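Going by our numbering, the sequence shown opens with residue 89, and the numbers climb by one from there.
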Amino acid sequence: MEQISIYELEKNIARIIQSASEGEELIVVKDGKPIVKITSISSRPKAKFGSAKEKIKFIAEDFDETPKEFENEYMP
C-alpha cells in the first residue's frame, strides 16, 4: 500500500483517483503518521494478473475444444 503526503495528494489528485479506482489503496500521511486511506468504493476489487496461479488444480482434458453446438450456432 503506497503512502503519500498531503502535498503529493494535492499535486497528483487525478492520478491518485485513477489508481484508487483501479483497486490500489493509498494512505495519506501527515508528519509521518497515517491520517486517511484512499480506496475504491467498488464492492469487489479487480483481480491482479497471476493472483489465481496454482489455485486451479484440475482442468478438463477437453477444455480447449469447441463444443459442437457452439460451432453450429456461432461459427458458420
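Quick reminder that beta carbons are idealized off the backbone N, C-alpha and C, glycines included.
Since this is a predicted model, take the numbers as computed values, not measurements.
Work out the CA separation of residue j and residue i for me, nearest whole Å.
| i | j | result |
| --- | --- | --- |
| L114 | K121 | 13 Å |
| M89 | K143 | 24 Å |
| I129 | S107 | 12 Å |
| E149 | K156 | 16 Å |
| K136 | G111 | 9 Å |
| K145 | S139 | 14 Å |
| K134 | E98 | 26 Å |
| Y162 | R103 | 41 Å |
Please classify residue i: is it buried, with 16 or more other beta-carbons within 10 angstroms of its beta-carbon, or exposed?
| i | result |
| --- | --- |
| D147 | The sequence given here has Ile at residue 147, not Asp. Burial call: exposed. |
Assuming residue i and residue j make a contact with CB atoms under 8 Å, what is their CB distance in whole Å?
| i | j | result |
| --- | --- | --- |
| V116 | I123 | 6 Å |
Would a C-beta distance cut-off of 8 Å place residue i and residue j closer than the cut-off?
| i | j | result |
| --- | --- | --- |
| I92 | K118 | no |
Looking at the unbroken alpha helix (DSSP H) that takes in residue i, where does it start and where does it end?
| i | result |
| --- | --- |
| S107 | 101-109 |
Beta strand (DSSP E) containing residue i: first to last residue?
| i | result |
| --- | --- |
| K156 | Element bounds for K156: not the beta strand (DSSP E) but the alpha helix (DSSP H), 156-162. |
| E113 | No beta strand (DSSP E) holds E113; DSSP gives it neither H nor E. |
| E90 | 90-93 |
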